[in-house]
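Numbering (our numbering), first residue to last: 2 to 560.
All residues carry an ideal CB built from backbone N, CA and C; glycine is no exception.
Okay, so here's the structure we're looking at.
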RNA sequence: UGGGGCGUGGCCAAGUGGUUUAAGGCACCGGAUUCUGAUUCCGGCAUUCGGAGGUUCGAAUCCUCCCGCCCCAGCCA
């Protein structure tokens, strides 16, 4: 268990109230995904809410797959969803499917028919749509609305028996075609779909709609608080109508909250599916995707995701959360957990002219600057090292305290070096820096007490391990890719969201690195081995960069 | 021009008529510490709660009107 304070929000307040008034002794929630895609960080909010309530109130939470539409669903998606929830660290009290209740739902439908509260409509979908009216115009009654109970019963049974083609008939609730709430204008309860269901096979050729399955499923499971997102708000009246008119075993209450939106990405399953299908990303688990599997592959931890949701909170207010908050959460988590290492992503060779050619020096260093429990390791120092290309400037801007002609800099954990000469290629680009080191500067001190402000990371050229490193940036280059309705959101895709760097140089200790460990490559960011990484061909993903106040400052002054 | 919701600093968000002349986090801006320009630390950052009226000794919290934004017209969920 975490030592985080219990979250407070309007839903928990309602639950506290229900307990106080004795309305409920046990709290039951459910997480009800449709198995038609992968979970994203928005689902994480619902998972955190429902499973968090279950844990804190010692209640129950079922994972229920809302599998009422066999056209789009698959067992593979269901399996991925289970994996994601487990990875987040939650356990469901029971696993269920809407399809487990198909027989019961059928009986409920018959019950409605018997009470003259449902009828079989034999019009086309187009016709039904026309008759539904508009937001400002009421609908009109179907000519089949007053069929006899006997006719309805026999027609509905024939629908079930497969006597009709798809679309020939539907079962509708008889409510009110004049209702201002569109959901109450005789909603469709069952449609004919001659399609094999991933679980019930060909047992059924009629399938209940969401509205006719969800609340009843909740009631059957004894769900006390059915938590869903705001777009279902208008469905609540229908939800309650079914609960009221059906002999259900319990009376759940639906409460809505606002969904999570993140800037610089998209969050709808439809759009994410499209990005995958179009090949704009490598798959559902592409590390740039806001999916749980993408974030996992990128290197995000479950704790960071949960902390993120907790800090965002639960309200009914539409919101767009800044990506920066997510990044802050993973940095916080990893700062404590991640052992440090040195890696040079864009190598520039430095030759230390006064260091003996054949000599190697072992330097014992801590794996974490604050926490000794992370242990220690050894670095090898030698005459030739790689430094980051960006740590050398021919014409250093004001405030730059890295390497430059005739300037000094400290090689982290090692010596102070001074730049003596720069060797260039034919374009004038530096390809090698010749330096001299000061042997009196080991151990973080200088003999004469002079301050060397710049500290840069390095890797011994002879001992370095090569690796591929993948750098990720936001998927879209604008905060709200859907803001411009005249433009396709795909045009807002960030062309530089992925940079694959080959030939990066890692310190020796990273040879055959444990793929489960997230490292901080000092001064660069947090890194995690990609799913494709192998011991002899390391591939690291950058989870997130470190805060970089220098870059921010230098960008400011250059603007 | 129907119905349902929502509006507290750049982004979230506490607040449920008086102890709040509005918590906290993120972002941002200073400064200190630091062998990571990281971390940590310290300080700054809404006389005001979409707007205008009103009720009250007292309002972000109650009332009225107005404005803005979101959702709903699938045999999707």
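Could you give the DSSP three-state label for residue i: helix, strand or coil?
| i | result |
| --- | --- |
| residue 262 | coil |
| residue 405 | coil |
| residue 92 | coil |
| residue 45 | helix |
| residue 303 | helix |
| residue 638 | The displayed coordinates of the chain run from 2 to 560. Any statement about residue 638 would go beyond what the structure contains. |
| residue 97 | strand |
| residue 222 | helix |
| residue 174 | strand |
| residue 388 | strand |
| residue 54 | helix |
| residue 69 | coil |
| residue 550 | helix |
| residue 315 | coil |
| residue 517 | coil |
Please say whether residue j and residue i have beta carbons closer to each other than 7 Å?
| i | j | result |
| --- | --- | --- |
| residue 299 | residue 532 | no |
| residue 473 | residue 332 | no |
| residue 125 | residue 145 | no |
| residue 460 | residue 540 | no |
| residue 526 | residue 553 | no |
| residue 507 | residue 545 | no |
| residue 46 | residue 244 | no |
| residue 323 | residue 264 | yes |
| residue 521 | residue 341 | yes |
| residue 152 | residue 293 | no |
| residue 274 | residue 291 | no |
| residue 33 | residue 65 | yes |
| residue 282 | residue 253 | no |
| residue 384 | residue 356 | yes |
| residue 103 | residue 205 | yes |
Give me, in chain order, the residues of the same chain whose beta-carbon lies closer than 8 Å to that of residue i; leave out the 5 immediate sequence neighbours on both sides.
| i | result |
| --- | --- |
| residue 110 | 119, 157, 172, 190, 191, 209, 213 |
| residue 154 | 111, 114, 115 |
| residue 536 | 513 |
| residue 528 | 300, 344, 470, 519, 520, 521, 522, 541, 542, 543, 544 |
| residue 235 | 182, 183, 184 |
| residue 325 | none |
Near residue i, what residues of its chain come up, given a Cβ to Cβ distance below 6 Å and the 5 sequence neighbours on each side ignored?
| i | result |
| --- | --- |
| residue 351 | 386, 388, 434, 436 |
| residue 81 | 39 |
| residue 558 | none |
| residue 161 | 207 |
| residue 19 | 25 |
What does DSSP give as the partner residue(s) for residue i in the beta ladder?
| i | result |
| --- | --- |
| residue 362 | 382 |
| residue 434 | 351, 423 |
| residue 542 | 471, 529 |
| residue 227 | 255 |
| residue 209 | 191 |
| residue 63 | 31, 95 |
| residue 494 | 477 |
| residue 439 | 417 |
| residue 345 | 506 |
| residue 393 | 404 |
| residue 377 | 367 |
| residue 292 | 41 |
Start and end of the beta strand (DSSP E) containing residue i?
| i | result |
| --- | --- |
| residue 459 | 459-461 |
| residue 273 | Premise fails: residue 273 lies in the alpha helix (DSSP H), 270-278, not in any beta strand (DSSP E). |
| residue 29 | 29-32 |
| residue 415 | Unbroken run through residue 415: none, as it is neither H nor E. |
| residue 122 | 119-122 |
| residue 522 | 520-522 |
| residue 448 | Note, residue 448: premise wrong, no beta strand (DSSP E); not H, not E. |
Which residue marks the beginning of the alpha helix (DSSP H) containing residue i, and which one marks its end?
| i | result |
| --- | --- |
| residue 158 | 150-162 |
| residue 503 | It is not in any alpha helix (DSSP H) - residue 503 instead sits in the beta strand (DSSP E) that spans 499-507. |
| residue 335 | 324-338 |
| residue 105 | 103-115 |
| residue 239 | 237-246 |
| residue 14 | 11-21 |
| residue 128 | 126-132 |
Going by beta carbon distance, what residues of the same chain come within less than 7 Å of residue i, once the five residues before and after it are set aside?
| i | result |
| --- | --- |
| residue 497 | 474 |
| residue 284 | 277 |
| residue 167 | 193, 194, 195 |
| residue 426 | 432 |
| residue 495 | 474, 475, 476, 477, 478 |
| residue 239 | 184, 185, 188, 212 |
I'd like to confirm something about residue i: is its beta-carbon nearer than 6 Å to some heavy atom of the ligand MN, or not?
| i | result |
| --- | --- |
| residue 158 | This structure does not include the ligand MN; it has no bound ligands of any sort. |
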